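*Asks:* 131 is the number that the UniProt record's numbering gives to position 131 of the sequence shown; each next residue is one higher, with no gaps.
First the structure, which I've put down as structure tokens, then a few questions once you've had a look.
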Amino acid sequence: MKQATDFRVSAGSQNVRRVLQRTRGKATGPITRLAGPSDIGQLIKPFVFLGYIGVKSPIETETPLHPHSGIATLTALVEGSLHHQDSKGRPRSMSAGGIEWMQAGCGVWHGGFAKTTGSVKLYQLWIALPPALELSTPSEIFLKADEMPSEGPAQVLLGRLNGQASPISEPQPMACLNVRLSQGERWRYTPPRDHDVLWISVYSGSLDAGEEVSEGELVVFEQSGHSVDFLAKEDCGFLLGSAQHSPFDLIEGYYSVHTEQAALQSGEQEIGRQGAQLCADGRISAERAAQVAHQMSTATKS
């Protein structure tokens, strides 16, 4: 999976990779849902969900413990700081440039109290795990900004760029980059040979990528292996996802995404078992466990 080493350019690409779809998503309070498994996630799988949170002043919130299975989640904090709890209920702090990677696999619960400091911008990205990993043992890792490699203007969150590799072992061929450009700066992204999925989400400023893209937009490019040239219209930052398009189906539950119905059933059974243990440990109420079980049992599975 070799990439071109000349990633700063002064001219456009010979093959223009056109924009296939763009959206500003659906906002509920500070949370904007940009993509989900039943819509844009079908175009950009294995990336199946992208949510964005942007707040300009400190907030405190309590998210009920809830489960996931069949996916991995990447939480990328691009501005500010966040204090929350990991899946074991232990306090964790994140600052700008830091990430949390949680591979839910066969099933894991997380949530709890969280608060922000100052202005905060963060993404949560769901990645559908392939059959070999969708029922794997859950794992979780937190990395600080200085533990993540960079190449030029790009911080490498997943995958690799020009020999710089993320410390996270990605579940299949993919890359996720946090890119910051200064006004007037040009940058070219040349995907690895087997990558045909490409999208960006701009969290500050605006840029030209064949079409102008501004803060708050998610843009999906057509499936191909062509490079894309970016020109910063002003200082800007964006998240970029690149991958080999997943050939696997997306079977959705209320909290889970799997590749087949049997795997979803296994994941939800494990979630139920863990829910009973969380009740015994006093971390959730019997009512909460019953609510989650009801949600899973009544969800439409396709």
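Each residue gets a CB set at the ideal place from its N, CA and C atoms; glycine is no exception.
On a predicted model such as this, the values are computed, not experimentally measured, just so you know.
Which runs of the alpha helix (DSSP H) fall wholly inside the UniProt domain "Pirin N-terminal" (40 to 127) and span at least 4 residues, in chain order?
*Replies:* You should have 40 to 44.
*Asks:* So, for E287: in the same chain, excluding its five sequence neighbours on each side, which residues have a beta-carbon less than 8 Å away from its beta-carbon?
*Replies:* To locate residue 287, count along the sequence shown from 1; it is residue 287. Same-chain partners within the cutoff: there are none.
*Asks:* Helix, strand or coil for Q164? Go by DSSP, reduced to three states.
*Replies:* Taking the first residue of the sequence shown as 1, we reach residue 164 at position 164. In this structure, Q164 counts as strand in the three-state DSSP scheme.
*Asks:* Can you look up H294 in the DSSP assignment and give me helix, strand or coil?
*Replies:* Here the question's residue 294 lines up with position 294 in the sequence shown. Of the three classes helix, strand and coil, the one that applies to H294 here is helix, per DSSP.
*Asks:* Would you check if the distance between the CB atom of A165 and the CB atom of P191 is smaller than 8 Å?
*Replies:* On the sequence shown, position 165 is the one that residue 165 refers to. On the sequence shown, position 191 is the one that residue 191 refers to. For A165 and P191, no; Cβs fall outside 8 Å.
*Asks:* Compute the Euclidean distance between the alpha carbons of L129 and L34, then round it to the nearest angstrom.
*Replies:* In the sequence shown, residue 129 corresponds to position 129, counting from 1. In the sequence shown, residue 34 corresponds to position 34, counting from 1. Those two C-alpha atoms are separated by around 20 Å.
*Asks:* Tell me which residues share the same chain as residue 309 and place their Cβ nearer than 7 Å to its Cβ, disregarding the 5 neighbours each side in the sequence.
*Replies:* With the chain covering 1 to 302 only, the question about residue 309 has no answer from this structure.
*Asks:* Are V179 and L198 closer than 8 Å when you measure CB to CB?
*Replies:* Position 179 of the sequence shown, counting from 1, holds the residue named residue 179. Position 198 of the sequence shown, counting from 1, holds the residue named residue 198. Not a contact, by the Cβ cut-off of 8 Å.
*Asks:* Only counting runs of 4 or more residues, tell me where the alpha helix (DSSP H) segments fall wholly within the region 255 to 297, in order along the chain.
*Replies:* Listed in chain order, they are 261 to 280.
*Asks:* Are there three or more Cβ pairs, one per stretch, closer than 8 Å when the region 153 to 162 is compared with the region 211 to 220?
*Replies:* No, the region 153 to 162 is not in contact with the region 211 to 220.
*Asks:* Any idea which residues DSSP pairs M174 with across the strands?
*Replies:* In the sequence shown, residue 174 corresponds to position 174, counting from 1. DSSP output for M174 lists A243 as bridge partner(s).
*Asks:* Spatial neighbours of E136 within its chain, please: CB distance less than 6 Å, with the 5 preceding and 5 following residues excluded, ordered by chain position.
*Replies:* One-based indexing of the sequence shown puts residue 136 at position 136. Note that residue 136 is Ser in the sequence shown here, rather than Glu. Contacts found: G105.
*Asks:* Three-state secondary structure (DSSP) at A132?
*Replies:* As a first step, residue 132 is located in the sequence shown; it is residue number 132 there, counting from the start. DSSP places A132 in coil when its eight states are reduced to three.
*Asks:* With distances taken between CB atoms, is the gap from L250 to K45 smaller than 8 Å?
*Replies:* Residue mapping note: residue 250 aligns to position 250 of the sequence shown, counting from 1. Residue mapping note: residue 45 aligns to position 45 of the sequence shown, counting from 1. Result yes, Cβ atoms of L250 and K45 sit closer than 8 Å.
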